[in-house]
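Enquirer:
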Amino acid sequence: MTAGTQAADEAAARAGAERLLVAHWDEQRGHTYPHRKTYPHQWLWDSCFAAVAWVAIDRPDRGLRELTNALSGQLGDGFVPHMRYAGPSKGRGPRTDVSSFTQPPIFAHTARVLTAHVEVPAEVLARVERGLAWLWEKRRTPDGLILLTHPWESGADDSPRWDSWAAAFLHASDWSRLKWRRWRWSALDRHLVEQAEFDAEGVSIGSKSFLCAPAAFNAICAHAAAEYAAVSGDAAWAARSAELAELMDDQMWNEETGLWSDVAVVGGGPSVHVPTLDGVLGALVTADEAKARRALDQLADDRRFAAPYGLNFVAREARSYHPDQYWRGSAWMQMNYLARLAALRWDRTDLVTSIREMSIRGALRSGYAEHWNPQTGKGRGAIPLTWSALVAAM
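Put into structure tokens, the structure is as follows:
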């Protein structure tokens, strides 16, 4: 690719991201819809990523409104729901205004990005801290890791890391030979809502069938604690970040795969070790350079995660890799972005450059799709979807 072609593609990707955000902005509600037909509600990490994209196209005012609204559904104890419904809804717990489950706390990173461009009100930062405190207080294993009570909370709904739970639900003897079918996962999702345990406010606080401490969620939590510490100057949150990162290294590092693996607490089994991009994100926070280098090197390996149009979510050599299937191997812009943050932390300019270039190609070829085939760039899911405007932040 010539320098002129690359510059043209970068300009085209940025212009497309701006058109996408503007087209999906709802002035009355103060946030972007991920997709007007398929995803009309407000999702937590979608809006946090959209806010970062608004900053990248020089609209931090809208980025601040996006973050403020994403946190406006927060309950009194600090819980931040993963969805604010566009109207009365059900199926994601007993509440009808917001979801009873949460999602990765990208909001702390978003707040840090915003503070470089606009004054973030003290109340918004207070909501960020309360949201993190809720996770630390309500969702810890005895060993100190952060727990999830439903796959939805990870953001990666149908990841093959949940296949051991799916096999138990389907009474299958071999989780590794399960064939992914969306209707089966929809049934599993409903089952796990029924298995969840809720407090008096309708917030999920446990589960009879699914408790997991995922590597990616824990990495994002540790990163969020560090980001909040950087914004607030609160050394206690920096210490919490370092402590959680150390626990991840001790309890989650998988020497065989060179990645961080999930920890199954209730249910689950061997599928937690399936190599996915989730397992790379420990590099966001680990203090162990050797572990970070080994994980990040896989982003440049086409047998693992490297591909022409974006990082494979599942390692290409894994049995469960399917490049066109939802969370089974396709590329996702927000995962590219998080992997890029990890590469930046370790000054891996080679990876930062390659992730930027593949993300631009993926956005343009897929039409800013929800996710896409990393080998061909063919769009999958909802097209377009606002989080793919993150390409502007690359």
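Just so we're aligned, residue 1 is where the sequence shown starts under UniProt numbering, counting upward by one.
Backbone N, C-alpha and C define an ideal beta-carbon position, used for all residues, glycine too.
1) Please classify Pro323 as buried or exposed, where buried requires at least 16 other C-beta atoms within 10 Å of its C-beta.
2) Under 8 Å by Cβ, that's how I've got Gly78 and Arg112 pegged, so tell me the actual separation to the nearest angstrom.
3) Can you list, in chain order, the residues of its chain whose CB lies under 7 Å from that of Asp262, leaving out five sequence neighbours each side?
4) Considering Ser173, what are the terminal residues of the beta strand (DSSP E) in which it resides?
5) Applying the 10 Å Cβ sphere with the 16-neighbour rule, what's the burial state of Ala3?
6) Report the rounded CA-to-CA distance for Gln251 versus Asp26, giving the unit in angstroms.
7) Kindly indicate which three-state DSSP category Asp46 falls into: helix, strand or coil?
8) Give a yes or no on whether the minimum CB-CB distance between Thr353 and chain C is below 8 Å.
9) Pick helix, strand or coil for Ala307, following the three-state DSSP scheme.
10) Taking all protein chains shown into account, decide if Asp163 is buried (16 or more other Cβ within 10 angstroms of its Cβ) or exposed.
11) Fully enclosed by the region 215-276, which alpha helix (DSSP H) runs are 4 residues long or longer?
12) Can at least three beta-carbon pairs, one atom from the region 77-96 and one from the region 122-137, be found at a separation below 8 Å?
13) From what residue to what residue does the beta strand (DSSP E) around Glu197 run?
14) Can you grab the Cα-Cα spacing for the pair Ala196 / Ala8, in whole Å?
15) Around the C-beta of Pro104, are 16 or more other C-beta atoms found within 10 angstroms, so that it is buried, or is it exposed?
16) With a cut-off of 8 Å, do at least 3 Cβ pairs link the region 164-176 to the region 264-271?
17) Pull up the DSSP beta-bridge partners for Asp26, would you.
18) Along the chain, which unbroken stretches of the alpha helix (DSSP H) at least 4 residues long are found entirely within the region 57-139?
19) Identify the continuous beta strand (DSSP E) that holds Leu364 and give its terminal residues.
20) In or out: Glu227 buried (at least 16 other Cβ within 10 Å) or exposed?
21) Leaving out the 5 sequence neighbours to the left and right, which residues in its chain are closer than 6 Å to Tyr326 when beta-carbon positions are compared?
22) Decide if Ser173 is buried, meaning its Cβ has at least 16 other Cβ atoms within 10 Å, or exposed.
23) Give me the residue from Ala122, Lys37, Gly310 with the minimum Cα distance to Leu64.
24) Using CA coordinates, which residue listed in His117, Leu259, Glu255 is at the minimum distance from Asp58?
25) Cα-Cα, which of Thr5, Lys37, Trp45, Val52 is closest to Ala17?
26) Count the other C-beta atoms from every protein chain shown that fall within 10 angstroms of the C-beta of Lys208, then say buried if there are 16 or more, exposed otherwise.
27) Glu370: buried (16+ other C-beta within 10 angstroms of its C-beta) or exposed?
Expert: Looking at the coordinates:
1) Buried, by the Cβ-count rule.
2) Going by Cβ atoms, the distance from Gly78 to Arg112 rounds to 19 Å, so no, they are not a contact pair.
3) Within its own chain, the residues whose Cβ lies closer than 7 Å to the Cβ of Asp262, once the five positions on either side in sequence are excluded, are Arg161, Cys212, Ala213, Pro214, Ala215, Val272, listed in chain order.
4) Counting along the chain, Ser173 falls outside any beta strand (DSSP E), and DSSP gives it neither H nor E.
5) In summary, Ala3 is exposed, with fewer than 16 beta-carbon neighbours lying within 10 Å of its beta-carbon over all protein chains present.
6) Rounded to the nearest angstrom, the two C-alpha atoms are 43 Å apart.
7) Residue state for Asp46 is assigned as helix, using DSSP reduced to three classes.
8) Judged by its chain identifiers, the structure shown contains no chain C, having just a single protein chain.
9) In the structure shown, Ala307 sits in coil (DSSP, three-state: anything other than H, G, I, E or B).
10) A buried status is given to Asp163, since no fewer than 16 other beta-carbon atoms sit within 10 Å of its beta-carbon.
11) Fully enclosed alpha helix (DSSP H) runs of 4 or longer: 215-232, 235-252.
12) Because the criterion of three Cβ pairs below 8 Å is met, the region 77-96 and the region 122-137 touch.
13) Per DSSP, the unbroken beta strand (DSSP E) holding Glu197 starts and ends at 196-198.
14) Cα-Cα distance, rounded: 50 Å.
15) Residue environment for Pro104: buried (at least 16 other C-beta atoms within 10 angstroms of its C-beta).
16) Per the Cβ contact rule, the region 164-176 is in contact with the region 264-271 (3 or more Cβ pairs under 8 Å).
17) Its beta-bridge partners are His31.
18) Runs of the alpha helix (DSSP H) inside the region 57-139: 60-70, 107-115, 122-138.
19) Membership of Leu364 in any beta strand (DSSP E) is not indicated; the residue belongs instead to the alpha helix (DSSP H) covering 349-366.
20) Buried: at least 16 other Cβ atoms inside 10 Å.
21) The residues are Asp158.
22) Exposed is the label assigned to Ser173, since fewer than 16 other Cβ atoms lie within 10 Å of its Cβ.
23) Checking every option, the nearest Cα to that of Leu64 belongs to Ala122.
24) Of the listed residues, the one whose Cα sits closest to Asp58 is His117.
25) When each option's Cα is compared against that of Ala17, the closest is Val52.
26) Exposed.
27) Burial call: buried.
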